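When you number the sequence shown by my numbering, it's gap-free, plus one each residue, and the end is 552. Using N, Cα and C, we set each Cβ at its ideal position, and we do this for glycine too. Given the structure is predicted, the values throughout are model-derived calculations rather than measurements.
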Amino acid sequence: MEKKRIVLLSHNDVLGGAAIVTYRLMQALRDLGHEADMLVFHRLGDNPHVHQLGTMPVRGARFMQERAGIMLRNGFNRRDLFKISTGSTGMNIHRHPLVRQADAIFVNWVNQATVSLREMQRICNLGKPVIWTMHDLWCMTGVCHHPYSCDHYCAECGNCRYLGPKAGPNDLSHKIWLRKKKLYDATDIKFVAVSNWVKECAQRSSLLRDKDIEVIHNAFPSEMFATECDMPFTAESRLDFKHVITFGAAKLDDPVKGLPIAIEALNILMDEAPEVAAGAVAVFYGKVDNPQLFDKLRFPHIACGTISDHTALHQLLVQSDVILSTSYYETLGGTLIEGMSAGATPVSFGNGGQRDIIDHKVTGYIAEYGSARDIANGIKWAINANLDRRKQHETIHQRFNAADIARRYLALIDKK
137 MEKKRIVLLS HNDVLGGAAI VTYRLMQALR DLGHEADMLV FHRLGDNPHV HQLGTMPVRG
197 ARFMQERAGI MLRNGFNRRD LFKISTGSTG MNIHRHPLVR QADAIFVNWV NQATVSLREM
257 QRICNLGKPV IWTMHDLWCM TGVCHHPYSC DHYCAECGNC RYLGPKAGPN DLSHKIWLRK
317 KKLYDATDIK FVAVSNWVKE CAQRSSLLRD KDIEVIHNAF PSEMFATECD MPFTAESRLD
377 FKHVITFGAA KLDDPVKGLP IAIEALNILM DEAPEVAAGA VAVFYGKVDN PQLFDKLRFP
437 HIACGTISDH TALHQLLVQS DVILSTSYYE TLGGTLIEGM SAGATPVSFG NGGQRDIIDH
497 KVTGYIAEYG SARDIANGIK WAINANLDRR KQHETIHQRF NAADIARRYL ALIDKK
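Structure (structure tokens):
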């Protein structure tokens with residue numbers, strides 16, 4: 137294939153699931169011999185192929201402008217401030233040299249003043265292939281990133297739960313819905329869903345139901361999460377723990393991650409399955425704003441905080457018997473993929489992209505939605521199943537191999 141010049145747009149480069157998988161896709165494209173660079177709002181790493189947009193004062197002003205606009209239209213509700221985005225402000229991207237020189241533009245998670253809807257129109261006007269990967273459901277709703285049980289996105293939004301006293305038929309969510317409709321009707325954006333669940337949601341949505349949605353999973357470097365590593369995760373011997381159950385997230389107490397359900401499930405095991413709890417430990421990694429949540433957990437546990445070093449994370453996952461997720465929704469489930477690649481058995485709900493990762497009672501356990509007791513059952517099943525760790529790794533390699541995923545994106549560039 138002819139070498140392509142590709143620019144990937146993202147809010148940042150290495151913080152959060154969407155940024156990490158975008159970075160991995162860039163690396164996979166480069167490994168195939170293509171020129172791939174990222175343009176980001178926040179540059180946190182040191183990769184020379186990641187470029188930061190604008191100056192700090194400009195970025196700060198654009199970010200505050202969007203958030204202030206939301207506050208004025210949601211009744212000054214700070215609690216739900218970051219559950220919605222409007223795409224009303226953003227950086228000047230369409231004139232950037234990397235965008236001008238690119239053969240294709242890959243748009244990823246670009247909220248919080250990275251790319252405005254108006255700027256997206258300007259980017260599309262360049263006449264280059266634009267591929268927008270949906271890392272959450274914002275593309276198909278008015279303003280929210282996850283509608284949960286709300287089905288207003290199947291119509292034209294309005295009466296948004298996140299707008300409090302300002303909600304109504306013609307509220308902010310409906311107005312942004314209209315702006316997205318105008319953009320989508322006037323452009324030829326190719327939308328990618330990272331899981332079959334995201335595609336199913338898109339097909340129900342009023343904005344995207346008539347679009348041809350391609351399912352391409354996130355690129356995953358399985359060779360970086362092999363089933364063996366050289367050093368233990370902690371100073372203690374792995375023999376100190378009979379079973380290791382690991383739960384990870386960028387932000388552990390993000391409500392969508394369902395941490396209270398994990399705590400309840402582990403307490404059930406503590407009370408009703410002493411043979412599992414004896415000698416076991418639950419390891420939690422990720423940022424947590426309210427560490428008092430763990431005061432309710434009676435199961436032996438360690439809270440590691442954020443693990444930013446890949447080697448340390450790999451060492452932990454290699455020692456883990458179970459990789460646990462109790463998220464109410466996951467567009468795909470990066471921690472499950474990482475843990476399973478390192479040989480752990482995943483236990484999760486199935487209300488999302490987890491179904492693309494786990495084959496129930498074959499490679500992992502899909503619990504009854506919202507049930508802490510069935511999560512506890514799943515943990516017991518996973519420990520007793522004692523699945524072959526190398527086969528777990530091979531399953532992930534076959535489904536999410538980074539080179540294969542990159543080739544699918546390249547094929548989409550020329551697809552008519």
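Review point. Helix, strand or coil for Asn-332 per DSSP?
Key: Of the three classes helix, strand and coil, the one that applies to Asn-332 here is helix, per DSSP.
Exercise for review: Would you decide whether Ser-444 is buried or exposed? Buried here means 16 or more other CB atoms lie within 10 Å of its CB.
Suggested key: Ser-444 comes out exposed.
Practice item. Would you identify the three-state DSSP class for Gln-188, choosing helix, strand or coil? Key: Reduced to three states, the DSSP call for Gln-188 is strand.
Point to revise | 8 Å contact criterion, which Ala-326 and Leu-546 should meet: CB distance rounded | key: For the record, residue 326 in the displayed sequence is Lys; it is not Ala. With a Cβ gap of about 13 Å, Lys-326 and Leu-546 do not count as contacting.
Practice item. Counting only the same chain and skipping the five closest in sequence on each side, list residues whose C-beta sits under 7 Å from that of Ala-371. Key: Here Ala-371 scores only 42 on pLDDT, less than 50, and its place in the model should not be relied on; the value that follows carries that caveat. Taken in chain order, the list of residues that qualify is empty.
Review point. In chain order, what residues of the same chain lie with their CB nearer than 8 Å to the CB of Arg-535, ignoring the 5 residues before and after it?
Key: Closer than 8 Å at Cβ, skipping near neighbours: His-353, Asp-492, Ile-493.
Check your understanding: For Asp-576 versus Ile-381, is the C-beta distance shorter than 8 Å?
Key -> The requested residue 576 does not occur in the structure, where the chain is confined to residues 137 to 552.
Review point. What are the start and end residues of the alpha helix (DSSP H) that includes Pro-482?
Key: Per DSSP, Pro-482 is not a residue of any alpha helix (DSSP H); the beta strand (DSSP E) it occupies stretches across 481-485.
Check your understanding: DSSP three-state call for Met-174: helix, strand or coil?
Key -> Strand.
Point to revise | Identity of the residue in Ala-542, Leu-234, Ser-224 nearest Asn-247 by Cα | key: Among Ala-542, Leu-234, Ser-224, the Cα nearest to that of Asn-247 is on Ser-224.
Point to revise | Inter-residue Cα distance where the pair is His-446 and Ala-385 | key: Rounded to the nearest whole angstrom, the CA to CA distance from His-446 to Ala-385 is 14 Å.
Review point. Which first and last residues belong to the alpha helix (DSSP H) in which Phe-536 is found?
Key: Taken as a continuous stretch (DSSP letters only), the alpha helix (DSSP H) holding Phe-536 covers 525-536.
Exercise for review: Give the secondary structure of Ile-515 by DSSP, where H, G and I count as helix, E and B as strand, and everything else as coil.
Suggested key: Here Ile-515 sits in helix by DSSP.
Check your understanding: Going straight from the alpha carbon of Pro-265 to that of Ile-229, what length do you get?
Key -> Taking the straight line from one Cα to the other gives about 15 Å.
Review point. Considering Ala-164, what are the terminal residues of the alpha helix (DSSP H) in which it resides?
Key: Ala-164 -> alpha helix (DSSP H) spans 153-167.
Check your understanding: For the putative contact between Leu-144 and Leu-180, defined by C-beta atoms under 8 Å, what is the C-beta separation to the nearest angstrom?
Key -> Their Cβ separation, rounded to whole angstroms, is 15 Å, which puts Leu-144 and Leu-180 out of contact at 8 Å.
Practice item. Just the C-alpha distance for Pro-410 and His-271, rounded to the nearest angstrom, thanks. Key: Answer to the nearest angstrom: the Cα atoms are 39 Å apart.
Review point. Should Gln-201 be labelled buried (16 or more other beta-carbon atoms within 10 Å of its own) or exposed?
Key: Gln-201 sits exposed, since fewer than 16 C-beta atoms from the chains shown fall within 10 Å of its C-beta.
Check your understanding: Rounded to a whole number of angstroms, what is the C-alpha to C-alpha distance between Lys-302 and Asn-295?
Key -> Going from the Cα of Lys-302 to the Cα of Asn-295 covers about 8 Å.
Review point. Who are the Cβ neighbours of Cys-440 in its own chain at under 6 Å, not counting the five residues just before and after it?
Key: Contacts found: Tyr-421.
Exercise for review: Give a yes or no on whether the C-beta atoms belonging to Leu-453 and Ala-478 are separated by under 8 Å.
Suggested key: In this structure, Ala-478 lies closer than 8 Å to Leu-453 by Cβ.
Check your understanding: Tell me the DSSP bridge mates of Lys-393?
Key -> DSSP lists no bridge partner for Lys-393.
Review point. Is it buried or exposed for Glu-466, if we count other Cβ within 10 angstroms and need 16 for buried?
Key: The residue in question, Glu-466, is buried, as its Cβ has 16 or more Cβ neighbours within 10 Å.
Review point. Touch check for the region 500-513 and the region 529-543: three-plus C-beta pairs under 8 Å?
Key: Contact fails: fewer than three Cβ-Cβ distances are below 8 Å.
Check your understanding: Is the distance from the Cβ of Asn-403 to the Cβ of Phe-435 below 8 Å?
Key -> Yes.
Practice item. Measure how close the beta-carbons of Ala-164 and Ala-539 come, nearest whole angstrom, since I'm counting them as under 8 Å. Key: That belief holds up - the Cβ atoms of Ala-164 and Ala-539 are roughly 6 Å apart, short of 8 Å.
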